[in-house]
Amino acid sequence: MAGLEIKSEDVIRLIQQFLKENNLQRTLQSLQDETSITLNAAESTETLRQDILAGRWDAVLHTTRGLTLSNRAQMLLYDQIVGELIENGDRSAARILLRQSDALMRLRDADLDRRTVPTARPSGAMPWCTRCAATSAPSPARLVTLLGQALRWQQEHEYLAATPDTGYDLFQGEIPTLQHTEDVVPGHGYATLQFPPKQFAEAVAFAPNGQLLATGSSDGFIEIWNPMTGKLRKDLQYQAQDKMMGMDAAILCLAFSRDSDLLASGAQDGKIKVWKVATGTCVRRFPSAHAQGVTCVALTKDASQVLSGGFDGMVRLHGMKSGKMLKEYRGHTSFVNAVLFSTDYTRIFSGSSDGSVKIWETKSGDCMTTVSPTNSLSITALHAIPGTGLILVGSQSKKVVAMDARGRTVWDATLSKEMNIPNQTPGEPVGYAVSPYGQYVYVVSDHGTLVAISTKSKQAVAMVRTVEKAIGLCAHPGANVVAVWTESGEVALWRA
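Going by UniProt numbering, the sequence shown wraps up at 496, each residue one higher than the last.
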């Protein structure tokens, strides 16, 4: 089927209708003057017809003022008006129209024998009334309607993945995402994810594309949310049908692949599953990943391997293709709480409750070095600091450390009063995160105080009270947004 030709004049008229409906009269007039194209459409032909039949000529003239009528139509209209004015005894108004109306002057010149005062006019009807049907009156909001129909067609034919849950940027032609160009400390709560009674989030992770937020709960279920709205992603068919990804035990950790297509989850029973987020299907199971609970996971750049740490003190690398363990990194004497790949994936960093950070060679499995940057207190977090080549080391102490890829401490900051709240026990750090551009390191206490440390000054520059009884923290990869989850079963989203 050949494509339909769309006239540019019609597009301009649709824009003019939009401007008129939104009372942008000056813009409408400017567009008409510049293009020499007029809207030439009444808001309602039926209303115009009723005004004519009722003799509401002021309303008729107001409506037709914006229309381009033929000379014949104008002459018939003013002839009708003058005739009715004379019949109703309003001769002064009729005289003014006769002297000032260009249409009546043209009528006089074109038909000298025509009587000015018509006779035998049928009551309640006149010839010009039937001509109002020729006046165009497009449906209200025609431009917006057409755009909506076009988007629905693209959705139905799978050219467009946007839904009411994701929103759509019509101007950019893409699904909107949270994205900021500079780091600003979050200070306003805007959404709260709610969980059923006696259930709460054990793990939370933002996807690298910024469009997904995954939560793993104590009952073993995994849910995908929209981080912009804090609502469940119902555009995912399985969630729209009240189906969820899940494991047999509490979810302790989550990690997305670099392209955000896959999600790895580790559970209390030592199992790991890898999911296809778009369909909710499990694409790989590791039923014996660890002898005890899986505390942390990460995926390689191409998502061909899964790195994990567990309560058994082991760090292991698993193959997606084989479904088997490829490498084991032994050496920690207590729980492994955090794992991280180097930017080139040739090294692995692991943090343990034994107070050490170990650096491993990925291929050989050899331990290259062991450091204790936080005075042998339990290491709970490892995060790359963007743009610096440094790694944030978080622990149960109030000492925040940034080390290089060789394990050398580059800078540190000690928090004391920043974590405390008057008349309460001293706050303890329970979560760490890094801002998208690496300008801030975030620490949240169990009291819910979010502390921002500048990576330039190495000082605390902001403190924000978020939620009570916090147990975890993660940051959006491209926007000034953080998620704080609590003992009470909530995940609070905060933004700048």
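Even glycine gets a Cβ: it sits at the ideal position worked out from N, Cα and C.
query	result
With C-beta atoms as the reference, is T446 less than 9 Å away from V430?	According to the sequence provided, residue 446 is Asp. The question's Thr does not apply to it. A contact, by the Cβ cut-off of 9 Å.
Looking at the structure shown, is L212 part of a helix, part of a strand, or coil, going by DSSP?	coil
Measuring alpha carbon to alpha carbon, tell me which of W494, R495, E487 ends up nearest P196.	E487
Taking a contact to mean a Cβ-Cβ separation below 9 Å, would you say T192 touches V443 in this structure?	no
Roughly how many whole angstroms lie between the Cα atoms of T369 and T414?	24 Å
Could you work out which residue in L377, A338, S378 is closest to I359 when comparing CA atoms only?	A338
Do L14 and L143 have their C-beta atoms within less than 9 Å of each other?	yes
With DSSP run on the structure shown, which of helix, strand or coil describes K324?	coil
Cβ atoms of M314 and residue 518: under 9 Å apart, would you say?	Nothing can be reported for residue 518: it is not among the residues displayed for the chain, which extend from 1 to 496.
Is the beta carbon of A496 within less than 8 Å of some heavy atom of the ligand NAP?	With respect to small molecules bound, the structure shown includes none, and the ligand NAP cannot be examined in it.
Secondary structure at N22, three-state DSSP: helix, strand or coil?	coil
Assign R95 to one of three DSSP states: helix, strand, or coil.	helix
Would you tell me roughly how many angstroms separate the C-alpha atoms of A207 and V277, rounded to the nearest one?	10 Å
Would you call P186 buried or exposed, if buried means 16 or more other Cβ atoms sit within 10 Å of its Cβ?	buried
Rounding to the nearest angstrom, what Cα-Cα distance links L98 and L4 in this structure?	47 Å
Decide if H188 is buried, meaning its Cβ has at least 16 other Cβ atoms within 10 Å, or exposed.	exposed
Would you check if there are 3 or more beta carbon pairs closer than 8 Å linking the region 293-310 to the region 239-246?	no
Determine the burial state of V461: buried for a count of at least 16 other Cβ atoms within 10 Å of its Cβ, exposed for fewer.	exposed
Can you pull the DSSP bridge partners for P429?	S445
Residue range of the beta strand (DSSP E) that G189 falls in?	188-194
Leaving out five residues on either side along the sequence, give the residues of the same chain with a beta carbon under 8 Å from the beta carbon of residue 504.	As displayed, the chain neither begins before 1 nor continues past 496, which places residue 504 out of reach and without an answer.
If you run the structure through DSSP and keep just helix, strand and coil, what is T116?	Interpretation of T116 is limited by its pLDDT of 49, a score under 50 that renders its predicted location unreliable; no figure is taken from the coordinates.
Identify which residue in L390, M325, S288, Y345 has its Cα closest to the Cα of D302.	Y345
Residue 502 lies in the beta strand (DSSP E); which residues open and close that run?	Residue 502 falls outside the range modelled here, since the chain spans only 1 to 496, and no answer is possible.
When you compare only the Cα positions, how much space is there between K327 and S304?	14 Å
Give the C-beta separation of G220 and I251 to the nearest angstrom, bearing in mind that I take them to be a contact with Cβ-Cβ under 8 Å.	6 Å
Using only alpha-carbon positions, find the residue among P373, L473, H383 that is nearest to S342.	H383
Quick one: what's S352 bridged to in DSSP?	V336
Rounded to the nearest angstrom, what separates T64 and T47 at their Cα positions?	12 Å
For L85, which residues in the same chain have their Cβ closer than 6 Å to its Cβ, ignoring the five residues on either side in sequence?	A93, A94
Among residues of its own chain, excluding the 5 on either side of E468, which ones have a beta-carbon nearer than 6 Å to its beta-carbon?	G448
Which value, in whole angstroms, describes the spacing of the CA atoms of P118 and V82?	Here P118 scores only 49 on pLDDT, less than 50, and its place in the model is too uncertain to base an answer on.
Determine the direct distance from the alpha carbon of I453 to that of L390, and round the result to whole angstroms.	15 Å
Along the chain, which unbroken stretches of the beta strand (DSSP E) at least 3 residues long are found entirely within the region 203-258?	213-217, 221-226, 251-256
Take the Cβ of H318 as the centre, count every other Cβ of all protein chains shown within 10 Å, and call the residue buried at 16 or more, exposed below.	buried
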